[in-house]
Structures are given as C-alpha cells and as structure tokens.
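So the structure is just underneath, and the comments pick up after that.
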Ligand code: IPD
C-alpha cells in the first residue's frame, strides 16, 4: 500500500453524516442560494475596466475589488442565516464559530480568468465539519459551485448525489468510466509561485505524451466539477487551497468519483489533489508518483 503524504499530520476525518439529513438538505439549499447570488454579483457588476487591486502570496496571485465584494456578500448572508457557524474565506481568513460547522468560501475561483474576462470562473461555497485549516481534519457536508458565465451550478450534499442545475434543467452527475491513461483527458492547474511551476511543467512534460490531452482551464473548483460531470476524466494539481476544493470535492465523490492526495486514501491538500473516476484513480496516482513528482 502507498505511503501517506509525507508531512501531513495524521488526523481523524470527522463524520459529515453526524449532521442530520434534514439539516444537510437545508445547508445544500443555502449553499446553492449563496453561490447563485454571489455568482450574479460578480458577473453583472464586473467593472468594464477591472484592475488588480492588490497581490497576495506572489505577484501572480491577484485580488480584484470583486473578490472582496463577493466575499463580503457571502459573509453577510451567512451571518444573517447561520450566525453560529464559522467562516473561512480566501480573502478575509477565518472567523470562528460555535456550531462545529464552517463555511469555506472562494468568492472568485479563477480570478485570473475573471481579470481577463475569460468565461471560466466560479464562486465556490462549501460547508464542512471539522477544522478546515488542517488537511484531513475536515469533511464537506454540502457545497455549490457556480460558473455564472455559463449559468451552470454544480451542487451536492453528503448522500444526496451531485447535480448540475441550469436554467432549463437539473441533471445528476456521473464521473467517467475511463480506465487507462492513454484515453484520458486530464485537467490540471499551476501555482502562483514561479519556482513551483518549474516542477509542474516537468510533470506535464512527463504525462502529456501518455494521455489523450491535458487542459489548464484556470479554476480548480470548476475542474473538479468537470471531473464530476465526466467532461474530463481526471484532474491533479499541487498548490490548491481548501477554498478551491471544499465544494468541488463533494461534487466529485457524490458523482461516484475519488479524490485524494498523492497516496490512495490520503486527504487532498495543497501538497497534491487528484480526482478521477474510480478506475483511473490508481492509474493516475501511479503515473504521478513515477513522474518528475515521484
Ligand atoms: C486558483 C485557480 C487556479 C488554480 C490555482 C488556484 P483563485 O484559485 O483555482 O485554477 O490553478 O491553484 O489558486 O486564486 O483564482 O481563487
């Protein structure tokens, strides 16, 4: 059996089924409403001359005025509806709560796409049990991811299935059944740290000749939802944050997929996140372990 991710503290994942089904359904409904409202905000109120407001971890990690506004809107709605829950947001960090539930927010996932007005950005809203600041110490209960430019809203709750809601329809999601690397269309993403990108480029160079093709679409939450919808066969990335993956992770698993870190059964984290259908998962883990990463 593969070793767990080195460096990850071993923690017991909390059980999201401890939240009663009725409450899970209410949380999913709220996550959907929050994603929808913030999605409409960032789409309809995007300034035509949008500029970078400030940068964070590196010069490439940009924040716009709409990232801030979207998170403020989400926080205000959560404070009104669920004042006892904690909130962890990409822009404002952690506000503690007392209920044992935490909302994990990416107010704009795909901020660089948003900056350039490329229509592949999202709002990601998840509610989790446990400590979302520690990999493996949390588990999603419900979540929603909206791409407001395609009017697609992906959502899930534990044991409730994963669904894609559009203006016309609501359809259940199912991951692809692809088993082999040669026939796999994979998505990945790149870090904001230029040094880390050297290693990521090596992994792409190793895998590209062995797969159907590789996509870099620019929003991790949407990449996960595309795995859930079978629009790509798999996704891997180093360097994601909990707000990038908390909602999409549940959409993947409720669509029958598997998500982990570098080793089977390890939690997804910034060290590595790998999501696929069940047949491809060990194959992609093996290929990544044997690549420049391994
Ligand atoms: C980023 C996007 C991107 C991924 C980065 C993320 P942000 O999120 O999801 O696709 O490659 O790792 O940080 O900064 O746009 O919210």
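In this note's numbering, the protein residues as written are 50 to 343.
C-beta atoms are modelled at their ideal positions from N, C-alpha and C, and glycine is treated no differently.
These figures come from a predicted structure and were not determined experimentally.
Give the DSSP-derived three-state secondary structure of residue i in the structure shown.
i: residue 51; result: With a pLDDT of 39 at residue 51, under the threshold of 50, the modelled position of that residue is not reliable, and the figure given next carries that caveat. The answer is coil: DSSP assigns residue 51 none of H, G, I, E or B.
i: residue 327; result: coil
i: residue 99; result: coil
i: residue 336; result: helix
i: residue 259; result: helix
i: residue 19; result: One cannot answer for residue 19 here, as it falls past the ends of the chain, which runs 50 to 343.
i: residue 309; result: strand
i: residue 68; result: coil
i: residue 219; result: strand
i: residue 56; result: Residue confidence for residue 56 is low, a pLDDT of 49 falling below 50, so the modelled location carries little weight and cannot support an answer.
i: residue 147; result: coil
i: residue 298; result: helix
i: residue 236; result: strand
i: residue 79; result: helix
i: residue 252; result: helix
i: residue 227; result: coil
i: residue 137; result: strand
Beta-carbon within less than 8 Å of residue i's beta-carbon, same chain only, minus the 5 sequence neighbours each way: which residues are those?
i: residue 305; result: 223, 224, 326 and 327
i: residue 182; result: 137, 143 and 291
i: residue 200; result: 215 and 216
To which residues of the same chain is residue i closer than 7 Å at the C-beta, ignoring the five residues directly before and after it?
i: residue 279; result: 223, 224 and 225
i: residue 273; result: 284, 294, 297, 298, 300, 301 and 324
i: residue 275; result: 236 and 281
Going by Cα to Cα distance, which pick from the options is closest to residue i?
i: residue 318; options: 184, 261 and 107; result: 184
i: residue 264; options: 277, 282, 247 and 251; result: 282
i: residue 97; options: 208, 167 and 80; result: 167
i: residue 175; options: 198, 207, 165 and 163; result: 207
i: residue 76; options: 85, 177 and 110; result: 177
i: residue 230; options: 91, 67 and 259; result: 259
i: residue 214; options: 243, 84 and 147; result: 84
i: residue 99; options: 163, 152, 149 and 157; result: 163
i: residue 69; options: 89, 173, 157 and 191; result: 191
i: residue 119; options: 71, 275, 103 and 158; result: 158
i: residue 194; options: 171, 186, 277 and 200; result: 171
i: residue 347; options: 91, 316 and 307; result: The requested residue 347 does not occur in the structure, where the chain is confined to residues 50 to 343.
i: residue 125; options: 60, 228 and 156; result: 156
i: residue 161; options: 108, 261 and 262; result: 108
i: residue 232; options: 332, 81, 66 and 342; result: 332
i: residue 86; options: 135, 121 and 65; result: 121
i: residue 186; options: 313, 61, 335 and 334; result: 61
Go through its chain and collect everything with a Cβ distance to residue i's Cβ below 6 Å, but skip five positions before and after it.
i: residue 303; result: 205, 210 and 211
i: residue 63; result: 178, 179 and 188
i: residue 56; result: Only weak support is given to the placement of residue 56: the predicted model assigns it a pLDDT of 49, under 50, and the question is left unresolved by the model.
Start-end ranges of the beta strand (DSSP E) lying completely within the region 269-296, minimum 3 residues: 283-286
In chain order, which continuous runs of the alpha helix (DSSP H) of length 4 or greater are located wholly inside the region 149-213? Counting only runs of 4 or more, we get 160-165.
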